[in-house]
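As structure tokens, the structure follows; a few thoughts come after it.
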Amino acid sequence: MAANPDFVYAPPMSPYLDIIYLDNDIVVLNKPSGLLTVTGRLPEHQDCLQTRVNRVLPTATIVHRLDMATSGVLIMALNKPSHVAISRQLQLRQTEKYYIARVFGQVAEPQGEINFPLISDWPNRPKQMVCFDTGKQAITNYKVLSGDQQSTLVELKPITGRSHQLRVHMLELGHPILGDRLYAHQQALKMSSRLTLHAKFHSIFHPTTGEKIDFEVACPFT
């Protein structure tokens, strides 16, 4: 059973590719909301960020992903040593990244930690769900940035990197991300035409120089 049967894939075409940094080892992009990071199973899901990048940079490979509906900073490697080095940093949690999200309702606590283990909601895939018995550890730190009567702007720092982690964690707090076609209730879904989740900041240690290097893209919905 599809979790989102009415979805029609219509990836944005302008800008076709938004490169924010490029050298001999890495390329960093601003991925738009609505574009897959990698190809899907269906023929109409072949257009994706990796396909677009590979047309101009054939050696580029994906080292981490963003959900289709999420926008923001995405880093790709341009050679095998860089891919291995960045993957290792991600595995050892040596990188730093944070997201901006607008969520439904007023978040009461100014900051906190969400520690709910996650597992695939298999009958409703690709959805994930909280399961304290067999789920894998998932931790997110959050901080309230601003708010109004209907929504709250929050900064989200994933300590782990589970699929849909930020979306499910905010849902479990009672504050689904606005415009989330998979998890939001109708009221939250109608408050935004897109998922209001943006990967604003990501830092890594450069795979060749070892220098800490920061990448940041302004949030489009604040």
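Per the working numbering, the sequence shown starts with residue 25, numbered consecutively. Where is the CB? At the ideal position from N, CA and C, for every residue including glycine.
> For residue 59, which residues of its own chain have a beta-carbon under 7 Å away from its beta-carbon, when the five flanking residues on both sides are left out?
Replying inline: Sequence index remark: in the sequence shown, residue 59 carries index 35 (1-based). Residues 35, 36, 72, 73 and 92 of the same chain have their beta carbon placed closer than 7 Å to that of residue 59, with the five preceding and five following residues left out of the count.
>> If you measure between the beta carbons of residue 119 and residue 228, is that distance less than 7 Å?
In response: The sequence position of residue 119 within the sequence shown is 95, counting from 1. The sequence position of residue 228 within the sequence shown is 204, counting from 1. Yes, these two residues count as a Cβ contact at 7 Å.
> Would you call the region 225 to 244 and the region 144 to 164 in contact, with 3 or more CB pairs under 8 Å?
Replying inline: Contact between the region 225 to 244 and the region 144 to 164 is absent, with fewer than three C-beta pairs closer than 8 Å.
> In chain order, what residues of the same chain lie with their CB nearer than 7 Å to the CB of residue 110, ignoring the 5 residues before and after it?
Replying inline: By one-based count along the sequence shown, residue 110 stands at place 86. Excluding residues up to 5 positions away in sequence, 87, 99, 101, 228 and 231 lie with their Cβ nearer than 7 Å to the Cβ of residue 110 in the same chain.
> For residue 34, which of helix, strand or coil comes out of DSSP?
Replying inline: In the sequence shown, the residue the question calls residue 34 occupies position 10. DSSP places residue 34 in coil when its eight states are reduced to three.
> Apart from the five residues on each side of it in sequence, which residues of its chain come closer than 8 Å, Cβ to Cβ, to residue 185?
Replying inline: Mapped onto the sequence shown, residue 185 falls at position 161. So the qualifying residues of the chain are 88 and 114.
> When the Cα atoms are used, what is the spatial distance from residue 25 to residue 207?
Replying inline: As a working note, residue 25 is residue 1 in the sequence shown. As a working note, residue 207 is residue 183 in the sequence shown. Because the pLDDT at residue 25 is just 42, under 50, the model does not fix this residue reliably, and the point stays unresolved.
> What are the start and end residues of the beta strand (DSSP E) that includes residue 165?
Replying inline: Counting from 1 along the sequence shown, the entry for residue 165 is found at position 141. Its beta strand (DSSP E) spans residues 163 to 171.
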